[in-house]
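Under the working numbering, think of the first position of the sequence shown as -3, with each following residue one higher. Glycine residues also receive a C-beta, built at the ideal position from the N, C-alpha and C atoms. The next block holds one structure in the form of structure tokens; read it before the comments.
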Amino acid sequence: MTSSGHTGEERRAWYRLTPADRAALRECGYERTWLPGEILALEGSPPSGMYVILAGWVKITARNYRGDDAPLAARGPGEIVGELSPISELARSATITALDNVRTLVVPRDRLVTLLTTHPHIAQELLRTTGIRLHQSDRLRLDSGGSDFVQRLAAVLLELSVQYSPEWANVGEVNLNVTHDDLAGYARVSRRTLLRGLEELRRLKVVATARHRVTILDADLLRELAAGSYPSDT
């Protein structure tokens, strides 16, 4: 899985930047707060700027061929989002929505483009972030395509855990702020199929569920299930 070879600081671009780089971004931008459900950037809108998440979580979604908002990723503190459109000068390819109270550093497009020419290390880290996310996206597509759904769901939850908490292997629990509809979208199954899979994972005491939340209780067993190893006593 993606967690190998990456520490938390390596995975989140803001923490990989030098103090001078972070100071330069702060000088070019401004802070703004967002309430749960507020949209930071709308798919198809002009590339106004990029966002550094300082606190809280956002959800990245895009319209699929049916016209539904399909979840792509969740991003938290230390992540930089919405950076590709200002660089490419193309319309937004996804919508960014606050999951809870979110505080961001907003860097307007014109200032960002100028800054990247004078601070090449920022450009390098944004490129590295893009590479990491492409890898995550590839993993989610692969992990959601297996024939055994419990294994597929475990693999998707494992990958989302890495996105939510890069150091997740060293903590007791990981809380994923994700709805059942979003999780069904990640796993590419119906809501009914998802609920059956979650019921089995709850029975195995791998996860606990609540409104808009899935809590990973047993990281080791989740890894085993994702690898296709089912507990023998079940």
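For residue 29 against residue 109, the beta-carbon gap comes to about 25 Å, at or over 8 Å, which does not count as contact. Within the DSSP secondary-structure output, residue 45 pairs in a beta bridge with 104.
Nearest neighbour of residue 196 by Cα position, chosen from 85, 92, 148, 102, turns out to be 148. Nearest C-alpha to residue 72 among 117, 152, 173, 119: 173.
Under DSSP, residue 172 takes part in a beta bridge, and its partners are 210. The C-alpha of residue 45 is placed about 31 Å away from the C-alpha of residue 154. In the displayed model, residue 152 falls within a helix according to three-state DSSP.
Annotation: the continuous beta strand (DSSP E) that includes residue 57 extends over 54 to 59. Residues 39, 58, 80, 81 of the same chain have their beta carbon placed closer than 8 Å to that of residue 89, with the five preceding and five following residues left out of the count.
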